[in-house]
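Just below is one structure, and these are the notes that go with it.
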Amino acid sequence: MGCRDNGHRQHVQDLLHVASADSSRCRLHVVASNDIWARDHGPITVYRNGQPVLLDFRFNGWGGKFPHELDDRITVRLHALGAFAATPLEPVDLILEGGSIETDGAGTLLTTRCLLNPNRNGLDRAALERRLGETLGISRFLWLEHGHLLGDDTDSHTDTLARFCDARTIAYQGCADTADPHYGPLQAMAEELRSFRTASGEPYRLIELPLPAPRRDERGNRLPAGYANFLILNGAVLVPTYGDPLDAVALERLSGCFPNHDIKGVPCATLTHQGGSLHARPCSLPAGVMPAAANPA
């Protein structure tokens, strides 16, 4: 966990103590940052010869929308602090946010047109597929041209729209209200998903997630509340909730996608005021990347 200064670090430690958190599983590092979305500016892990390697892609604040210089350097700084133990870190001269890609773990990548936005790399689809194939070991690409959540600053990250649950199942953000401005774009996205095929040529099993009632900020702007931004952990799936009756529907549908996981709701209304939700907040790292012993409390 990154903390902005020692005072903030102590505050976080106090909160963890009150919550009876296992301090041996908590690692706190003082490191400057611009924003809270570690999914997008953190490292992406690949395996080579069975060993993890961290890839440090460039980050430009979702196309220069927000200050980003500190977040672009945060992975290097954390690595220097020992946050990733002895795991090697490799720089990649390509702008890529973690929430913009979704993989099935078997060579297929699901993404959206945000990767082709001129405010990122200025590469065409063929060039980008070649670069991602080389760096991430991807052999198949599924591109979504439709779908967007109002209030989302990412130019339509796939982690807000459509997610792999396994190699043949995709949960996606739907919309049943024909009067909602999301209805048309999300229906078009669903049609795209129905046209996609697995590596073996079969249609995907598609699970539609409901769209919660509109949530707005103090200026009346719509906030990007949705259920596709769930977070998969070891033995559990954390699902964003918003105090909406449809929370229960989303939890029930995702329980069918992850029968061997505990499905737990996490209130995320506050996060939407920051422009995102649950999956975008942390950067997931596999076992063996972080040090075995926590830093002292």
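If you count the sequence shown from 1, position 117 lands on 418 in the numbering used here, and the numbers rise without skipping. Ideal Cβ positions, reconstructed from N, Cα and C, are used throughout, including at glycine.
1) Between the beta-carbon of G399 and the beta-carbon of R328, is there less than 7 Å?
2) Alpha carbon to alpha carbon, what distance is there between V354 and P597?
3) Assess contact between the stretch 423-442 and the stretch 466-482, defined as three or more Cβ pairs (one per stretch) separated by less than 8 Å. Is contact present?
4) Could you tell me which uninterrupted alpha helix (DSSP H) segments, each at least 4 residues in length, are contained entirely in the stretch 308-366, listed from first to last along the chain?
5) Suppose you measure from the CA of Y505 to the CA of A581; what does that come to, to the nearest Å?
6) For R397, is the classification buried or exposed, using 16 other Cβ atoms within 10 angstroms of its Cβ as the cut-off for buried?
7) Determine which residues share a DSSP beta bridge with L510 and list them.
8) Express the C-alpha separation of P541 and F531 in angstroms, rounding to a whole number.
9) Kindly indicate which three-state DSSP category R523 falls into: helix, strand or coil?
10) Regarding P368 and the ligand ATP, is the C-beta to nearest heavy atom distance less than 6 Å?
11) Cα separation between V313 and N307?
12) Buried or exposed, going by whether 16 or more other CB atoms sit within 10 Å of the CB of S457?
13) May I ask you to verify whether the stretch 566-578 touches the stretch 441-459, counting CB pairs closer than 8 Å and requiring at least 3?
14) Can you tell me whether S401 is buried or exposed, with buried defined as 16 or more other CB within 10 angstroms of its CB?
15) Are the beta-carbon atoms belonging to D563 and P513 less than 7 Å from one another?
16) Taking I396 as part of the beta strand (DSSP E), name the residues at either end of that continuous run.
17) In three-state terms, what does DSSP make of P597?
18) Alpha carbon to alpha carbon, how far is L356 from A463?
19) Just list the residues that DSSP pairs P568 with in beta bridges.
20) For G303, name the three-state secondary structure that DSSP assigns.
21) Pull up the CB-CB distance for T459 and T412, whole angstroms please, since I reckon it's below 8 Å.
22) Does the stretch 489-498 come close enough to the stretch 551-570 that 3 or more CB-CB pairs lie under 8 Å?
23) With a 10 Å radius around its C-beta and 16 neighbouring C-beta atoms as the bar for buried, classify H318 as buried or exposed.
24) Go to T376, then tell me how far its alpha helix (DSSP H) extends in each direction, as first and last residue.
25) Let's test the definition: count the other Cβ atoms within 10 Å of the Cβ of T571 and tell me whether it reaches 16, buried, or not, exposed.
Reading from the atomic positions:
1) no
2) At P597 the pLDDT is 45, less than 50, meaning the model places this residue with poor confidence; the figure from the coordinates comes in the next sentence. Roughly 26 Å separates the two Cα atoms.
3) By the Cβ test, the stretch 423-442 is not in contact with the stretch 466-482, since fewer than three Cβ pairs between them sit closer than 8 Å.
4) 339-342 and 362-365
5) 24 Å
6) According to the sequence displayed, residue 397 carries Leu and not Arg. Under this definition L397 is a buried residue.
7) Q474
8) Put simply, the backbone Cα of F531 is about 6 Å away from that of P541.
9) Secondary structure of R523 (DSSP, three-state): strand.
10) The model on display carries no ligand, and the ligand ATP is accordingly not part of it.
11) 10 Å
12) Classified as buried, S457 has 16 or more neighbouring CB atoms from the shown chains inside 10 Å of its CB.
13) Inter-segment contact for the stretch 566-578 and the stretch 441-459 is present: three or more beta-carbon pairs are separated by less than 8 Å.
14) buried
15) no
16) L390 to I396
17) At P597 the pLDDT is 45, less than 50, meaning the model places this residue with poor confidence and gives no usable figure here.
18) 23 Å
19) T542
20) Residue state, collapsed to three classes: strand.
21) 5 Å
22) no
23) Residue environment: H318 is assigned as exposed (fewer than 16 neighbouring CB atoms within 10 Å of its CB, all protein chains considered).
24) E370 to A381
25) exposed
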